[in-house]
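Chemist:
Number of protein chains: 2
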Amino acid sequence: MSRAVTNLQIDSTRLWDSIHETAKFGATPKGGVRRLTLSQEDKQVRDWFRKACEGAGLEVHVDTLGSMFAVRKGRDMSKLPVGLGSHLDTQPTGGKFDGILGTLGALEVIRTLNDAGIETDAPLCIVNWTNEEGSRFAPAMMASAAYVGDFTVDDILSRKDAEGTTVGAALDGIGYRGETKVGTQKFSGFVELHIEQGPILEAENKTIGVVDHGQGVFWYDGKVTGFESHAGSTPMPLRRDALLALSEFALTLEQIAIKLGPNAVATIGEAVIANPSRNVIPGEIAFTIDCRSANADTLDALDASLRAAAGEISKKRRVEIAIDQVWRKPPTHFDPKLVDAVERAAGTLGYAHRRITSGAGHDACNLNTIMPAAMVFVPCKDGISHNELEDATQSDCAAGTNVLLHTVLSLAGVAS
Amino acid sequence: MSRAVTNLQIDSTRLWDSIHETAKFGATPKGGVRRLTLSQEDKQVRDWFRKACEGAGLEVHVDTLGSMFAVRKGRDMSKLPVGLGSHLDTQPTGGKFDGILGTLGALEVIRTLNDAGIETDAPLCIVNWTNEEGSRFAPAMMASAAYVGDFTVDDILSRKDAEGTTVGAALDGIGYRGETKVGTQKFSGFVELHIEQGPILEAENKTIGVVDHGQGVFWYDGKVTGFESHAGSTPMPLRRDALLALSEFALTLEQIAIKLGPNAVATIGEAVIANPSRNVIPGEIAFTIDCRSANADTLDALDASLRAAAGEISKKRRVEIAIDQVWRKPPTHFDPKLVDAVERAAGTLGYAHRRITSGAGHDACNLNTIMPAAMVFVPCKDGISHNELEDATQSDCAAGTNVLLHTVLSLAGVAS
Numbered sequence: 320m321s322r323a324v325t326n327l328q329i330d331s332t333r334l335w336d337s338i339h340e341t342a343k344f345g346a347t348p349k350g351g352v353r354r355l356t357l358s359q360e361d362k363q364v365r366d367w368f369r370k371a372c373e374g375a376g377l378e379v380h381v382d383t384l385g386s387m388f389a390v391r392k393g394r395d396m397s398k399l400p401v402g403l404g405s406h407l408d409t410q411p412t413g414g415k416f417d418g419i420l421g422t423l424g425a426l427e428v429i430r431t432l433n434d435a436g437i438e439t440d441a442p443l444c445i446v447n448w449t450n451e452e453g454s455r456f457a458p459a460m461m462a463s464a465a466y467v468g469d470f471t472v473d474d475i476l477s478r479k480d481a482e483g484t485t486v487g488a489a490l491d492g493i494g495y496r497g498e499t500k501v502g503t504q505k506f507s508g509f510v511e512l513h514i515e516q517g518p519i520l521e522a523e524n525k526t527i528g529v530v531d532h533g534q535g536v537f538w539y540d541g542k543v544t545g546f547e548s549h550a551g552s553t554p555m556p557l558r559r560d561a562l563l564a565l566s567e568f569a570l571t572l573e574q575i576a577i578k579l580g581p582n583a584v585a586t587i588g589e590a591v592i593a594n595p596s597r598n599v600i601p602g603e604i605a606f607t608i609d610c611r612s613a614n615a616d617t618l619d620a621l622d623a624s625l626r627a628a629a630g631e632i633s634k635k636r637r638v639e640i641a642i643d644q645v646w647r648k649p650p651t652h653f654d655p656k657l658v659d660a661v662e663r664a665a666g667t668l669g670y671a672h673r674r675i676t677s678g679a680g681h682d683a684c685n686l687n688t689i690m691p692a693a694m695v696f697v698p699c700k701d702g703i704s705h706n707e708l709e710d711a712t713q714s715d716c717a718a719g720t721n722v723l724l725h726t727v728l729s730l731a732g733v734a735s
Numbered sequence: 320m321s322r323a324v325t326n327l328q329i330d331s332t333r334l335w336d337s338i339h340e341t342a343k344f345g346a347t348p349k350g351g352v353r354r355l356t357l358s359q360e361d362k363q364v365r366d367w368f369r370k371a372c373e374g375a376g377l378e379v380h381v382d383t384l385g386s387m388f389a390v391r392k393g394r395d396m397s398k399l400p401v402g403l404g405s406h407l408d409t410q411p412t413g414g415k416f417d418g419i420l421g422t423l424g425a426l427e428v429i430r431t432l433n434d435a436g437i438e439t440d441a442p443l444c445i446v447n448w449t450n451e452e453g454s455r456f457a458p459a460m461m462a463s464a465a466y467v468g469d470f471t472v473d474d475i476l477s478r479k480d481a482e483g484t485t486v487g488a489a490l491d492g493i494g495y496r497g498e499t500k501v502g503t504q505k506f507s508g509f510v511e512l513h514i515e516q517g518p519i520l521e522a523e524n525k526t527i528g529v530v531d532h533g534q535g536v537f538w539y540d541g542k543v544t545g546f547e548s549h550a551g552s553t554p555m556p557l558r559r560d561a562l563l564a565l566s567e568f569a570l571t572l573e574q575i576a577i578k579l580g581p582n583a584v585a586t587i588g589e590a591v592i593a594n595p596s597r598n599v600i601p602g603e604i605a606f607t608i609d610c611r612s613a614n615a616d617t618l619d620a621l622d623a624s625l626r627a628a629a630g631e632i633s634k635k636r637r638v639e640i641a642i643d644q645v646w647r648k649p650p651t652h653f654d655p656k657l658v659d660a661v662e663r664a665a666g667t668l669g670y671a672h673r674r675i676t677s678g679a680g681h682d683a684c685n686l687n688t689i690m691p692a693a694m695v696f697v698p699c700k701d702g703i704s705h706n707e708l709e710d711a712t713q714s715d716c717a718a719g720t721n722v723l724l725h726t727v728l729s730l731a732g733v734a735s
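The listed protein sequences derive, respectively, from chains A and B. If you read the first sequence in the numbering used here, its first letter stands for residue 320, the second for the next number, and so on. If you read the second sequence in the numbering used here, its first letter stands for residue 320, the second for the next number, and so on.
1) Quick one: is Asn-524 of chain B buried, meaning 16 or more other Cβ sit within 10 Å of its Cβ, or exposed?
2) Alpha carbons only, please: which of A:Glu-340, A:His-705, A:Pro-348 is nearest the one belonging to Asp-366 of chain A?
3) Drop a sphere of 10 angstroms on the beta-carbon of Ser-704 of chain B, count the other beta-carbons inside from all chains shown, and report buried for 16 or more, exposed for fewer.
4) Please state the DSSP three-state secondary structure of Leu-443 of chain B.
5) Pick from A:Gly-528, A:Thr-485, A:Leu-572, A:Ile-675: whose alpha carbon is nearest that of Val-584 of chain A?
6) Would you say Glu-511 of chain B lies against chain A (beta-carbon separation less than 7 Å)?
7) Starting from Ala-488 of chain A, follow the alpha helix (DSSP H) in both directions and report where the run begins and ends.
8) Are the segment 671-680 of chain A and the segment 523-538 of chain A in contact at 8 Å, needing three or more beta carbon pairs?
9) Just tell me which of B:Glu-631, B:Ala-371, B:Arg-478 has its CA closest to the CA of Met-425 of chain B.
10) According to DSSP, is Met-694 of chain B part of a helix, a strand, or is it coil?
11) Determine the chain A residues that contact Val-599 of chain B at a beta-carbon separation under 7 Å, and present them in chain order.
12) How should Val-645 of chain A be labelled, buried or exposed, when 16 other C-beta atoms within 10 angstroms of its C-beta is the threshold for buried?
13) Take Thr-347 of chain A and list the residues in its own chain whose beta-carbon comes closer than 8 Å to its own, dropping the five residues that flank it on each side.
14) Assess, as a yes-or-no matter, whether the segment 371-386 of chain A is touched by the segment 435-451 of chain A under the definition of 3 or more beta carbon pairs within less than 8 Å.
15) Would Ile-577 of chain B count as contacting chain A if we go by Cβ distances under 7 Å?
16) Using 7 Å as the threshold, is the C-beta distance between Glu-631 of chain B and Thr-544 of chain B below it?
17) Does the beta carbon of Asp-701 of chain B sit closer than 7 Å to a beta carbon anywhere in chain A?
18) Would you kindly work out how many angstroms separate the C-alpha atoms of Pro-655 of chain A and Ile-592 of chain B, rounded to a whole number?
19) Go ahead and pull the three-state DSSP assignment for Phe-509 of chain B.
20) Quick one: what does DSSP say Tyr-539 of chain A is sitting in, helix, strand or coil?
21) Take Thr-356 of chain A and list the residues in its own chain whose beta-carbon comes closer than 7 Å to its own, dropping the five residues that flank it on each side.
22) Measuring CB to CB, does Ser-477 of chain B end up less than 7 Å from Ala-569 of chain A?
23) Closer than 7 Å, CB to CB, is Leu-728 of chain A near chain B or not?
24) If the cut is a Cβ gap below 7 Å, which residues of chain A does Arg-611 of chain B touch?
25) Comparing C-alpha positions only, which one of A:Arg-391, A:Phe-546, A:Thr-617 sits nearest to Val-599 of chain A?
26) In this structure, what does DSSP give as the bridge partners for Trp-646 of chain B?
27) Below 9 Å on C-beta distance, what does Gln-516 of chain B contact in chain A?
28) Using a Cβ-Cβ cut-off of 7 Å, state whether Glu-573 of chain B counts as contacting chain A.
29) Shortest alpha-carbon distance to Phe-368 of chain A belongs to which of A:Val-401, A:Val-733, A:His-406?
30) In this structure, does DSSP put Ala-465 of chain A in helix, strand or coil?
31) Could you give the residue range of the alpha helix (DSSP H) that holds Asp-473 of chain B?
32) In or out: Ala-623 of chain B buried (at least 16 other Cβ within 10 Å) or exposed?
33) Taking the alpha carbon of Ala-692 of chain A as the point to measure from, which residue in A:Ala-664, A:Asp-710, A:Leu-730 has its own alpha carbon closest?
34) Given this structure, state the Cα-to-Cα distance separating Ser-337 of chain A from Gln-359 of chain B, to the nearest angstrom.
35) What runs of the alpha helix (DSSP H), each 4 residues or longer, lie entirely inside the segment 569-610 of chain B?
36) Assign Ser-633 of chain B to one of three DSSP states: helix, strand, or coil.
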């Protein structure tokens, strides 16, 4: 590799400007972003991204689940492209970096190669995966899951949001139901840059996390069925209060996760009382559970313990607690060769780095089941993510993008 | 009083038919009624009620908060009328009897007097109070509260439902903003027939509850503010989970009420997570608290204990818990002479009866602060109310209406 290629650095200011320019699509008053997948705000950022990719000379195509692929030709078009990218959708009160850094970082890699006049041997292909977040439609990472064959396309197209709109209707609503058959855009491997979404890199003063594992995830839909009755005239001992049963379950689940920790977490993110009224004892509550661990045995122990707790509490409080597992994603072991490539790039560039487990799920975890995949993490402020206060420094974002650049170059190959 | 008057009985079948005829306005699949105040379903039952009252020769007028007054002339029109009635609105998943029995029972009293050709000395006036339930607009019993001067009419008119519709707009929406100035239709006293909404009469095999006390009620709006963060990458010890804090508060509140019992209850009826997502740790939850006791000191102890608990939990879990008291209704001591009149009527009619405290709030509790008021309870099945399964027997409903009839006759006076 020539010295010019070895020393190649991305344009930190251009990357930073892109991140802040797109943050206006769904900007919230507190400085975050609300850009639910396939919403009008998502359409705006997709249109921006398509135009930017075309401006960088890439050929953009869209698959039938709305995932966007932007291809840069290589010297040898018989080779499969190296994939890089992430997602542009956000949580309901999300931040400016989650997913966005990885997608716009990939765009910055291409722009940097264009400016330097560098052609890679294999082609490159940026991806913006549809619905990574999973907050409008379940499951999260649905497009990459369908890509690797975990779900059929028809199944995903029929999933509904809280208003009853299907994925198919939402795709048509913003004009992003593309023509590429899901799974047909192949890659030799996939590299995803992302903020850590946790506190470790910042605490240890590391610039780069070389992600070698991803946590497995179990998702559940739950429902407590007690009995609605009058808040004034029903004595405390006669109540079958669904909220109190859920409260006891939530605190027990917290203890279970702490006991199985430090490598285990459990969260009740949604809880909705049916027909709530301030003078009626709650009779029914629907809720969700999210359990994660990088260790498969720990996940199974979480599953068994939470089911046992539900059984005990339902008996004690004379309510029903239904627990339905709706998603089961095993832990990820990223491709050792690609992980090494990321680590080498970080080392060559001189960034302080460490191996790390991803607490969050990512599209790269899905892709790793059918191709070599790896991830690059950069620190985020106070470990905060899925929050409008999510923040990262320009310098760390640039460092991560440089690692992405050099990892991709090592995979795609550059004529010396 | 003549023998004909002494033996007078209402028409049990006609009463039962009225109850079931009006139950179609807002009927739910499970056999209950959803008739939120000032909704289209409420307009339907109001129109039916107005027509029925006019059919019984009553003169109907409506006050500026929508409460309906149906006056039957007395022999001596210089006397204030005796008031009787209740409300026709229901909880979101309410039953066929709560409020309805007292209003249609009052109509049945008038119809019975008409059939028997009995004229009372004082006039009689049936009332259908607006928004007794409080589930669409807070507070509950708002119209009778404004009637007795606890709130200004403008204040009540500006109260909003969850969609932001004001009471004033809702009144106009169904054409029930009347012209009578609130508080100007005076009464010498008020008697309200109601289902018990609790388990005591049924358990003790009594037909009539002679209500001598009503529980005081404290209502609060609460908010837990923790911190939204990623459900996968935030270790358990670093979380500031608003739902876990509320769970701990809810279970502590239950223990407080049990400890201060048996004459104390506390309920969290509403709890809404802001921006819920299954993979985001809840950062903010709005909730309500309803505390009741017939003893003022117990209510004060509940108040002090729940505030202390909120303080401790917020400190321990590094969240804020705001507790705002939005309504404070002292316990009711019903007028001893009217309570005696109810007891005498029950005794004369030969019904098994006992003195009882009302667990629920009622318009009669508000009225008792400025005039003599009393209540008649009848049993309801399994003590269940504010539920679609709410039920009462035809025979008990008739017995309660007979007690209402004879109490009203004793207050209004009948020429012997």
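Even glycine gets a Cβ: it sits at the ideal position worked out from N, Cα and C.
Modeler: Looking at the atomic coordinates:
1) exposed
2) Ranked by how close their Cα comes to the Cα of Asp-366 of chain A, the residues A:Glu-340, A:His-705, A:Pro-348 have A:Glu-340 in first place.
3) Buried, by the Cβ-count rule.
4) Three-state DSSP puts Leu-443 of chain B in a strand.
5) A:Leu-572
6) no
7) 486-493
8) The segment 671-680 of chain A vs the segment 523-538 of chain A: in contact.
9) The sequence shown places Ala at residue 425 of chain B, not Met. Ranking the options by Cα distance to Ala-425 of chain B, first place goes to B:Ala-371.
10) strand
11) Those within 7 Å of Val-599 of chain B in chain A are Gln-410, Gly-588, His-705.
12) exposed
13) Arg-353, Thr-412, Glu-707
14) yes
15) yes
16) no
17) No, no contact with chain A.
18) 41 Å
19) strand
20) Per DSSP, reduced to three states, the secondary structure at Tyr-539 of chain A is strand.
21) Asp-408, Thr-449, Asn-450, Glu-452, Arg-455, Phe-456
22) no
23) no
24) Correct list: Gly-551.
25) A:Phe-546
26) BP columns for Trp-646 of chain B point to B:Trp-538.
27) Per Cβ cutoff of 9 Å: Ser-548, His-549, Gly-551, Ser-552, Thr-553.
28) yes
29) Restricting attention to A:Val-401, A:Val-733, A:His-406, the CA atom closest to the CA of Phe-368 of chain A is found in A:His-406.
30) helix
31) 472-477
32) exposed
33) Closest option to Ala-692 of chain A, judged by alpha-carbon separation, among A:Ala-664, A:Asp-710, A:Leu-730: A:Leu-730.
34) 51 Å
35) none
36) In the structure shown, Ser-633 of chain B sits in a helix (DSSP, three-state: H, G or I).
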